[in-house]
Every structure is written in C-alpha cells, then in structure tokens.
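Enquirer: Here it is, the structure in full.
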Amino acid sequence: MTAPCERALITGASRGIGRELAVGLAERGLAVGLLARDPGALDQVAGECRAHGVPVAVAAADVVDRDAVGTAVRAVNDALGGIDLLINNAGVIERTDQDFLQTSIDETWRVVEVNVLGPMLVTHTVLPLMLRADGGRVVNLNSGAGYKAMASYTGYAVSKGALARLTTQLDAQFRDQGVYAFDVAPGHVKTEMTTPMPMHAGRTDWTPPEVVVELVAGIGEGRLDELAGRYFRAGADTVESLTARRGEIIEQHARVLDLALINTNDPLR
8 MTAPCERALI TGASRGIGRE LAVGLAERGL AVGLLARDPG ALDQVAGECR
58 AHGVPVAVAA ADVVDRDAVG TAVRAVNDAL GGIDLLINNA GVIERTDQDF
108 LQTSIDETWR VVEVNVLGPM LVTHTVLPLM LRADGGRVVN LNSGAGYKAM
158 ASYTGYAVSK GALARLTTQL DAQFRDQGVY AFDVAPGHVK TEMTTPMPMH
208 AGRTDWTPPE VVVELVAGIG EGRLDELAGR YFRAGADTVE SLTARRGEII
258 EQHARVLDLA LINTNDPLR
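The sequence shown begins at 8 in our numbering and counts up one residue at a time.
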C-alpha cells in the first residue's frame with residue numbers, strides 16, 4: 008500500500024461538493040490545492056481551509072484550458088511540495104431536463120467536454136508528478152448516470168460513462184506503479200447544481216456531504232487500495248462496508264465498468 012496522502016488537489020473547489028471536500032480534508036490535516044474558475048470564491052474557501060492550520064494553494068483555471076491547467080497544477084505542486092491525491096470534482100450538467108434530440112448538440116458536447124476532457128487534462132498533468140514521487144491516488148467524482156441509461160441528460164450520462172472508463176484505464180496502466188484510481192459517486196448532495204433538477208423536486212433524503220468526505224478521506228489513507236479501479240457510492244458505501252466485502256467484490260469482479268455476458272460460454276468472454 009502506498010503511504011497515506013498528505014497533499015490533495017481538488018478541482019471545482021469553489022463551491023458545492025468541491026468546497027466540502029476541500030474543507031473536510033483540511034480539517035483532517037491534509038494540505039489542499041484548490042482549483043476552479045472563480046478566484047474570489049476560491050479565496051473564500053481557502054480561508055476556511057487555512058483555519059484548520061494546513062498549507063493551502065489556490066489556482067484559478069478552467070479545466071478545459073490546457074495551458075491554464077498546466078500552469079495551475081505546477082503552481083499547486085510547487086506550493087505544497089507535491090500532489091499525492093487528485094480529486095477530479097469539477098463538472099457540469101445540461102441546463103434543461105430533455106432528451107438527446109430536444110437538446111442542442113453544442114450543449115451536449117459542452118457537458119462532455121467539461122466532464123471528460125477536464126479530468127483527462129488535469130490527470131495527464133498530475134500523473135507524472137505522482138509517478139516521480141512513487142505513487143498517489145486519483146478520485147474521479149462520478150455518478151450512477153455513468154452506469155444506468157437515462158431518459159434525459161444525455162451529455163452528462165455519456166460523460167460519466169467515459170469517466171468511468173478513464174478510471175479503469177488508469178487502474179490497468181498505473182496501479183503497478185503505485186497510482187490507484189477510483190470512481191466515487193457522491194449520491195444526492197444538495198448543491199446549486201442538483202437542487203434545480205426536476206428529478207430532485209421535493210426530495211428530502213439528501214446525502215450528507217460529510218459521508219462523501221469520509222469516503223474520499225478513506226481512499227486517501229490507502230484503506231481501499233485493493234479495490235482500486237472500482238465504483239463506490241457515498242451514502243450507500245463506507246470504507247468499513249467495502250472493506251468487509253473486499254473478498255467478495257474482488258472474486259465477483261464487482262463494481263467495475265464491464266460487459267455483461269450471456270453465460271460462461273459467451274464467445275465474447
């Protein structure tokens with residue numbers, strides 16, 4: 008097991024789940040790098056993190072801007088002395104609850120670009136730093152939409168499915184070099200993005216953000232390294248429940264993006 012992480016970079020850290028993760032990890036003693044587009048909002052979150060007595064680095068950038076991402080990651084890495092936990096949290100969803108034909112292709116592609124190209128650019132920049140430092144962990148904030156068909160939000164579903172495949176690719180290619188990648192769905196956390204969605208109208212059973220922080224913190228501590236490459240869901244999974252079922256999960260090849268086969272004689276096996 009790679010040593011527990013000490014320095015985290017969180018994208019989309021200026022609000023919502025990203026803010027909760029930044030402050031929650033700072034409270035647990037991790038140095039945090041905050042990346043988002045809004046410098047003013049980032050500074051406010053940075054103040055909350057510094058109140059816990061940890062080093063904090065702030066870098067304003069759009070995750071789909073290749074040059075800005077490179078500059079931001081280098082700045083955070085230099086300020087913190089490294090990055091061993093990357094949390095790809097920044098993401099968007101379609102502005103309207105409509106099917107593929109009712110949504111403009113530009114809007115659909117905007118969502119795919121932010122939710123896929125963004126994590127790819129940030130990870131592509133951070134990964135060499137982790138490898139030179141003998142390892143680290145990557146957490147991709149995913150969704151059940153990446154694994155289940157939806158009647159709307161096509162770009163979001165497609166992007167989260169692609170993000171899940173990126174997680175499995177990172178696991179297949181870099182686990183042996185000490186980098187562990189995970190998908191974490193935060194559940195139904197009450198944020199500016201989720202509350203206007205028609206599917207959440209009248210919802211009262213919101214997922215507490217604290218359980219998202221707990222799950223990501225457990226990953227950062229290395230407690231789930233044996234289950235890397237898999238999908239976890241905050242509010243349903245905990246570090247303890249996943250650890251208790253570790254043998255069954257591995258034996259059944261569970262929680263991995265895969266093709267369901269007909270039977271053991273399926274020619275695609």
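We put the CB at the ideal spot given by N, CA and C, even for glycine. Only a predicted model underlies this, so the values are computations on that prediction, with no experimental measurement involved.
Kindly confirm or deny that the segment 33–44 and the segment 157–177 touch, where touching means at least three C-beta pairs closer than 8 Å.
Expert: The segment 33–44 vs the segment 157–177: no contact.
Enquirer: Relative to the alpha-carbon of Q176, which residue among H59, Y160, T130 and G151 has its alpha-carbon at the smallest distance?
Expert: The count along the sequence shown starts at 1 and reaches residue 176 at position 169. Selected option, being the one with the closest Cα: T130.
Enquirer: Relative to the C-alpha of N149, which residue among L266, G98 and T103 is closest?
Expert: The residue labelled residue 149 in the question sits at position 142 within the sequence shown. It is G98 whose Cα lies nearest to the Cα of N149.
Enquirer: Under the assumption that V281 contacts V121 (Cβ atoms under 8 Å), give the Cβ distance between them as a whole number of angstroms.
Expert: With the chain represented from 8 up to 276, any question about residue 281 goes unanswered, as that position is not in the structure.
Enquirer: Do A169 and V133 have their C-beta atoms within less than 9 Å of each other?
Expert: Here residue 169 refers to the residue found at position 162 of the sequence shown. Here residue 133 refers to the residue found at position 126 of the sequence shown. It is not a contact, given that the beta carbons lie outside the stated cut-off.
Enquirer: Could you check which residue in D50, G142, V223 and D113 has the C-alpha nearest to that of N96?
Expert: On the sequence shown, position 89 is the one that residue 96 refers to. Looking at the Cα atoms, V223 is the closest of the given residues.
Enquirer: Classify L41 as helix, strand or coil using the three-state DSSP reduction.
Expert: Locating residue 41 in the sequence shown gives position 34, where the first residue counts as 1. Residue state, collapsed to three classes: strand.
Enquirer: Check this for me: beta carbons of A241 and E221, under 9 Å apart or not?
Expert: The residue given as residue 241 occupies position 234 in the sequence shown. The residue given as residue 221 occupies position 214 in the sequence shown. Cβ atoms of A241 and E221: closer than 9 Å.
Enquirer: Please give the ranges of any alpha helix (DSSP H) in the segment 238–268, keeping only runs that are unbroken, at least 4 residues long and fully inside the region.
Expert: If we require 4 residues or more, the alpha helix (DSSP H) runs fully inside the segment 238–268 come out as 246–251 and 253–258.
Enquirer: Considering only the beta carbon of each residue, do L87 and R144 sit closer than 9 Å?
Expert: Translated into the one-based positions of the sequence shown, residue 87 becomes position 80. Translated into the one-based positions of the sequence shown, residue 144 becomes position 137. For L87 and R144, no; Cβs fall outside 9 Å.
Enquirer: In the DSSP assignment, find the unbroken alpha helix (DSSP H) run with N84 in it and report its ends.
Expert: Taking the sequence shown and counting its residues from 1, the one referred to as residue 84 is at position 77. From DSSP, the alpha helix (DSSP H) with N84 extends over R73 to L87.
Enquirer: Between the beta-carbon of V71 and the beta-carbon of G153, is there less than 9 Å?
Expert: Locating residue 71 in the sequence shown gives position 64, where the first residue counts as 1. Locating residue 153 in the sequence shown gives position 146, where the first residue counts as 1. Contact flag unset, no.
Enquirer: Look at the alpha carbon of E114 and the alpha carbon of A48, and state the distance between them as a whole number of angstroms.
Expert: Within the sequence shown, the letter at position 107 stands for residue 114. Within the sequence shown, the letter at position 41 stands for residue 48. Taking the straight line joining both Cα atoms gives about 25 Å.
Enquirer: Around the C-beta of M8, are 16 or more other C-beta atoms found within 10 angstroms, so that it is buried, or is it exposed?
Expert: The residue given as residue 8 occupies position 1 in the sequence shown. Only weak support is given to the placement of M8: the predicted model assigns it a pLDDT of 49, under 50, and the value that follows is read from those uncertain coordinates. Answer is exposed; the Cβ neighbour count stays below 16.
Enquirer: Once the 5 residues before and after D45 are set aside, which same chain residues still bring their CB inside 6 Å of it?
Expert: Within the sequence shown, numbered from 1, the residue matching residue 45 stands at position 38. Closer than 6 Å at the Cβ level, and outside the excluded window around D45, lie S21.
Enquirer: Which class does A67 belong to by DSSP, given the choice of helix, strand or coil?
Expert: As a first step, residue 67 must be located in the sequence shown, where it is residue number 60. Correct three-state label for A67: strand.
Enquirer: Please classify T18: does DSSP put it in a helix, a strand, or coil?
Expert: Here the question's residue 18 lines up with position 11 in the sequence shown. Reduced to three states, the DSSP call for T18 is strand.
Enquirer: Please confirm whether E233 and R253 have their CB atoms less than 9 Å apart.
Expert: Within the sequence shown, the letter at position 226 stands for residue 233. Within the sequence shown, the letter at position 246 stands for residue 253. In contact: E233 and R253 (Cβ atoms closer than 9 Å).
Enquirer: D190 bridges to which residues according to DSSP?
Expert: Counting from 1 along the sequence shown, the entry for residue 190 is found at position 183. Beta-bridge pairing links D190 to N147 and Y238.
Enquirer: Quick check on M8: does DSSP put it in helix, strand or coil?
Expert: What you label residue 8 is simply residue 1 of the sequence shown in a count that begins at 1. Confidence is the limiting factor: at M8 the pLDDT is only 49, short of 50, which leaves the residue's position unreliable and the question unanswerable from this model.
Enquirer: Measuring alpha carbon to alpha carbon, tell me which of F107, Q180, A64 and R102 ends up nearest L138.
Expert: As a position in the sequence shown, residue 138 is number 131, starting the count at 1. Nearest C-alpha to L138: Q180.
Enquirer: For I100, which residues of its own chain have a beta-carbon under 7 Å away from its beta-carbon, when the five flanking residues on both sides are left out?
Expert: Residue 100 sits at position 93 when you count from the first residue of the sequence shown. V118, Y160, Y163 and M200.
Enquirer: Relative to the C-alpha of V65, which candidate in L32, R102, G36 and V80 has its C-alpha closest?
Expert: Residue numbering aside, residue 65 sits at position 58 when the sequence shown is read from its first letter. Nearest of L32, R102, G36 and V80 to V65, Cα basis: V80.
Enquirer: Should I256 and R237 be called a contact, given that it needs their Cβ atoms to be closer than 9 Å?
Expert: Stepping through the sequence shown from its first residue, residue 256 is reached at position 249. Stepping through the sequence shown from its first residue, residue 237 is reached at position 230. In this structure, R237 lies closer than 9 Å to I256 by Cβ.
Enquirer: Given this structure, state the Cα-to-Cα distance separating G185 from Q109, to the nearest angstrom.
Expert: Mapped onto the sequence shown, residue 185 falls at position 178. Mapped onto the sequence shown, residue 109 falls at position 102. Those two C-alpha atoms are separated by around 44 Å.
Enquirer: Does the Cβ of E217 have 16 or more other Cβ atoms within 10 Å, making it buried, or fewer, making it exposed?
Expert: By one-based count along the sequence shown, residue 217 stands at place 210. E217 comes out exposed.
Enquirer: Cα separation between R172 and P274?
Expert: As a first step, residue 172 is located in the sequence shown; it is residue number 165 there, counting from the start. As a first step, residue 274 is located in the sequence shown; it is residue number 267 there, counting from the start. Distance between the alpha carbons of R172 and P274: 22 Å.
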